[in-house]
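According to this note's numbering, the stretch in the sequence shown is residues 4 to 681, in order. Virtual Cβ for every residue (Gly too), placed ideally from N, Cα, C. Everything numeric in this text was worked out from a predicted model, so none of it was measured.
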Amino acid sequence: MESLWPQVEPLLAHVTKPARYIGGELGAQRAEHGPDAVSWLLVYPDTYEVGLPNQGLQILYEILNERSDAAAERSYAPWVDMEEAMRAAGVPLFSVEGHLPAGEFDVLAFNLSAELVYTNVLNLIDLAGVAVRAADRSADDPLVVAGGHCAFNPEPLADFVDAFVLGDGEEVVGEVNAVVAAHRCGPSRPGAAGADDPARRTNLLRDLSRVPGVYVPSCFAAAYDATGRLEGVTPRFDDTPGVVEKRTIADLGAWPYPRRQLVPLIEVVHDRLNVELFRGCTRGCRFCQAGMITRPVRERPAAQVRTMVGEGLERTGYDEVALTSLSSADYSGIEDTVTDIIEDPSCSGQVSVSLPSLRVDAFTVGTAAQIQRVRRTGLTFAPEGGTWRMRQVINKLIREEDLYAAVDAAFGQGWKRVKLYFLIGLPTETDEDTLGIVALAKQCVAIGRRYHPSVTVTASVGGFVPKVQTPFQWFGQNTIEELTRKVHLLRDAARPVRGLTVRWHDPRASAAEGIVSRGDRRMGAVIEQVWRRGGTFQEWSEHFDLGLWTDALESHGMTLEDTVYRHRTEDEVLPWDHLSAGLHRDFLWQDWMDALAEHGLPDCRWTPCYDCGACTGFGVEHVVASAVPPAGGSQGTGQDLSSGGQVPVRFLSTAPIGAAPATRPGDCAEALVPEGRS
Ligand code: SF4
Numbered sequence: 004m005e006s007l008w009p010q011v012e013p014l015l016a017h018v019t020k021p022a023r024y025i026g027g028e029l030g031a032q033r034a035e036h037g038p039d040a041v042s043w044l045l046v047y048p049d050t051y052e053v054g055l056p057n058q059g060l061q062i063l064y065e066i067l068n069e070r071s072d073a074a075a076e077r078s079y080a081p082w083v084d085m086e087e088a089m090r091a092a093g094v095p096l097f098s099v100e101g102h103l104p105a106g107e108f109d110v111l112a113f114n115l116s117a118e119l120v121y122t123n124v125l126n127l128i129d130l131a132g133v134a135v136r137a138a139d140r141s142a143d144d145p146l147v148v149a150g151g152h153c154a155f156n157p158e159p160l161a162d163f164v165d166a167f168v169l170g171d172g173e174e175v176v177g178e179v180n181a182v183v184a185a186h187r188c189g190p191s192r193p194g195a196a197g198a199d200d201p202a203r204r205t206n207l208l209r210d211l212s213r214v215p216g217v218y219v220p221s222c223f224a225a226a227y228d229a230t231g232r233l234e235g236v237t238p239r240f241d242d243t244p245g246v247v248e249k250r251t252i253a254d255l256g257a258w259p260y261p262r263r264q265l266v267p268l269i270e271v272v273h274d275r276l277n278v279e280l281f282r283g284c285t286r287g288c289r290f291c292q293a294g295m296i297t298r299p300v301r302e303r304p305a306a307q308v309r310t311m312v313g314e315g316l317e318r319t320g321y322d323e324v325a326l327t328s329l330s331s332a333d334y335s336g337i338e339d340t341v342t343d344i345i346e347d348p349s350c351s352g353q354v355s356v357s358l359p360s361l362r363v364d365a366f367t368v369g370t371a372a373q374i375q376r377v378r379r380t381g382l383t384f385a386p387e388g389g390t391w392r393m394r395q396v397i398n399k400l401i402r403e404e405d406l407y408a409a410v411d412a413a414f415g416q417g418w419k420r421v422k423l424y425f426l427i428g429l430p431t432e433t434d435e436d437t438l439g440i441v442a443l444a445k446q447c448v449a450i451g452r453r454y455h456p457s458v459t460v461t462a463s464v465g466g467f468v469p470k471v472q473t474p475f476q477w478f479g480q481n482t483i484e485e486l487t488r489k490v491h492l493l494r495d496a497a498r499p500v501r502g503l504t505v506r507w508h509d510p511r512a513s514a515a516e517g518i519v520s521r522g523d524r525r526m527g528a529v530i531e532q533v534w535r536r537g538g539t540f541q542e543w544s545e546h547f548d549l550g551l552w553t554d555a556l557e558s559h560g561m562t563l564e565d566t567v568y569r570h571r572t573e574d575e576v577l578p579w580d581h582l583s584a585g586l587h588r589d590f591l592w593q594d595w596m597d598a599l600a601e602h603g604l605p606d607c608r609w610t611p612c613y614d615c616g617a618c619t620g621f622g623v624e625h626v627v628a629s630a631v632p633p634a635g636g637s638q639g640t641g642q643d644l645s646s647g648g649q650v651p652v653r654f655l656s657t658a659p660i661g662a663a664p665a666t667r668p669g670d671c672a673e674a675l676v677p678e679g680r681s
């Protein structure tokens, strides 16, 4: 492969942020390409700033480059100005390390972390000079694979991606590498044995379909009934498994990656050292796909966390480390781990620790106060629902007292900004639930005023999009009009409250996400049309265009009503039924019924197993460092889940709630800001 740098360099003077395209970051690997190494291009289908911090991509990057039979480089979606310059100059997609042409790699591997990037995936395959549709690729074209959370409903991309990987990638990536190596797929193997055999690509795909955790769409056929409903997605060959099970690594401690986290050349999102505390979550929030598909909980040993933090800070020069997971405060060794990092003499008291997913209780705020003593910015909590009833439906069992105690503790310990995350458009939601968001946020402002007159509370509101492999996968999403009405309800109720800001996600973007998130194989034509009509960077508000999506739906005989807004029935075949995240379908259905009945479900880390299926067949159970539930919190602590029980919460201030002066109508109009990625 020859470097494209001589063609790339002249373009950089004419585009924004040229550092996106030059590579050479601290932590960048020198890929050893050679005749015996399968070449991988790991592609994040969004900008460098969004994609570089992605931990999944960085983990695979290191694991592959440690192998003697693999060589991996990275690529990110060029921004629109760079793409235009590249297409005008005839420069294809390239890697940032060696500036090697994407189309000459053996494997193009995409990370799918959001549905609205799918049009970027098509665009990048095309920019690589590779046929966009898998069926049009020749034996010498790269293998196009994809993984990440969205791979649990791969059908909308089935026409474009050769193979999907479900679940943890650490082990399976080596197995895919071995199969590709055996077939010598790709143009970097000219003259390889059997290179002129037209069946070479088909044979490769057949072999890949037998690797556990790998789904090859071309080895499955989708059938529809006379009304157009999906009848099933079934294997076309006897030796293809009928159900593809996700991969699960049992021991996170065996995979201490990334060892050499990349340090970006320009500011990126999450610009800090990231160390993963544990994988999986059993709190059981019913809207949360990440929590459901990553079960069971597997903790990283505390000693390894400390080593990764110490070495990572020293090597990168960062002064901030995020201890990441889906609910970091639930890590069984969280207090000792945090204390050890902060009191490490080599850190000289200059290191900030952040827990990106705070639990809503005063105990956690106490921990946050300890760890943010260097740089005390805002604190974020996610009650998600505005009323206790709503939070029982979604199984986010946070009582108002929990939230107020946490907020009281936060303001009492010096924070002046608190952000609250909520969802609207949840199953069974009433206007009382929606308006409960403002009531909660208003009370939080009042609590804060007792400490400081200029505290601010931001309520960030997202429109709920049902996700596959969750109990809410059967729920018909709220219409754009209904979500917009709810946004207006919130906006009007919040306007008189000084210090309260309401931000919301564009309901039209939630609808577009819904089009893709539960679509079947026929949705591929819709995605392709949106892309062909210029619809890239649909995650970005300045590029998002709902009209492209609705026009494409109409062109292919589909409607928002049927694909997005319709409730699914228990007996309906779902497009992802042939793929398993380990969860029994009947468990998910029962949990959906429990949601409608407003029944909560405890965290099975600390209560008896209710056999969701996640631990069955993987040879793993929860791997936690302590048998004792973490202090504080409202799940798994033994309370009566039907009504909300007593949770020991230590108020850090003795001032009574409600002692603050009442807010005055018309004090100050709050900022009302629609949220987007721009
Ligand atoms: S199988 Fe049991 S212990 Fe494992 S995640 Fe499901 S409910 Fe929890």
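Proximity to residue 78 [Cα-Cα], best of 89, 63, 97, 423:
97
Less than 8 Å between the CB of residue 612 and some heavy atom of the ligand SF4, yes or no?
-> yes
Point to revise | First and last residue of the uninterrupted beta strand (DSSP E) at residue 508 | key: 503–508
- Message: Can you tell me whether residue 607 sits near the ligand SF4, meaning its C-beta is under 8 Å from at least one heavy atom of the ligand?
- Response: yes
- Beta-carbon separation (whole angstroms), residue 515 vs residue 549, contact threshold 8 Å: Contact between residue 515 and residue 549 holds: CB atoms are separated by about 6 Å, below the 8 Å threshold.
- To the nearest whole angstrom, what separates the beta carbons of residue 114 and residue 150, a pair I think is in contact under 8 Å? 7 Å
- Those runs of the alpha helix (DSSP H) which lie wholly inside the region 36–120 and span at least 4 residues: 51–54, 58–68, 83–92
message = Closer than 8 Å to a non-hydrogen atom of the ligand SF4 - does that hold for the CB of residue 285?
response = yes
message: Could you tell me the alpha carbon to alpha carbon distance between residue 603 and residue 139, rounded to whole angstroms?
response: If I take the Cα positions, the gap works out to 49 Å.
**OP:** Pair every Cβ in the region 390–402 with every Cβ in the region 447–465, then say whether three or more of these pairs are closer than 8 Å.
**Re:** no
Out of 493, 316, 308, which one is the CA nearest neighbour of residue 335? 308
### Query
Could you give the distance in angstroms between the alpha-carbon of residue 580 and the alpha-carbon of residue 236?
The alpha-carbon atoms of residue 580 and residue 236 are separated by roughly 8 Å.
Discussion item. Check this for me: beta carbons of residue 208 and residue 221, under 9 Å apart or not?
Written reply: With respect to residue 221, residue 208 sits close: the two C-beta atoms are nearer than 9 Å.
- Would you check whether the ligand SF4 has a heavy atom nearer than 8 Å to the C-beta of residue 474? no
Handout entry: DSSP bridge partner residues for residue 290 (one or two, in chain order)
Key = Residue 290 pairs with nothing; no bridge assigned.
### Message
Does the region 7–15 come into contact with the region 84–99, if we say contact requires no fewer than three beta-carbon pairs (one atom in each stretch) closer than 8 Å?
### Response
yes
Check your understanding: Hey, out of 478, 551, 450, 575, whose CA is closest to residue 501's CA?
Key -> 450
Beta bridge counterpart(s) of residue 323 as assigned by DSSP: 355, per the DSSP bridge assignment.
*Where residue 381 and residue 422 are concerned, what is the direct C-alpha to C-alpha distance, given to the nearest angstrom?*
Near 7 Å, if we compare the C-alpha coordinates of residue 422 and residue 381.
- Task: Counting only runs of 4+ residues fully inside the region 564–631, write out the alpha helix (DSSP H) ranges in chain order.
- Result: Runs found: 588–599.
* If you compare alpha carbons, which of 438, 213, 612 is closest to residue 390? -> 438
Any chance the CB of residue 618 is under 8 Å from a heavy atom of the ligand SF4?
yes
- Extent of the continuous alpha helix (DSSP H) to which residue 444 belongs: 434–452
- Task: Identify which residue in 240, 577, 573 has its Cα closest to the Cα of residue 592.
- Result: 573
- Message: Closest to residue 23 by C-alpha separation, out of 343, 81, 440, 59, would be which residue?
- Response: 81
The beta strand (DSSP E) spanning residue 420 covers which residue range?
420–427
Practice task
Output the distance between the C-alpha atoms of residue 245 and residue 238, rounded to the nearest integer angstrom.
Solution key: If you draw a straight line from the Cα of residue 245 to the Cα of residue 238, it comes to about 6 Å.
- Is any heavy atom in the ligand SF4 found nearer than 8 Å to the beta carbon of residue 298? yes
Quick one: measure Cβ to Cβ for residue 356 and residue 345, integer angstroms, because I've assumed they're closer than 8 Å.
7 Å
query: Nearest to residue 557 by CA position, among 542, 296, 525, is which residue?
result: 525
Please work out which residues of its chain come closer than 6 Å, Cβ to Cβ, to residue 275, disregarding the five sequence neighbours upstream and downstream, and give them in chain order. Result list for residue 275: 321, 323, 325, in chain order.
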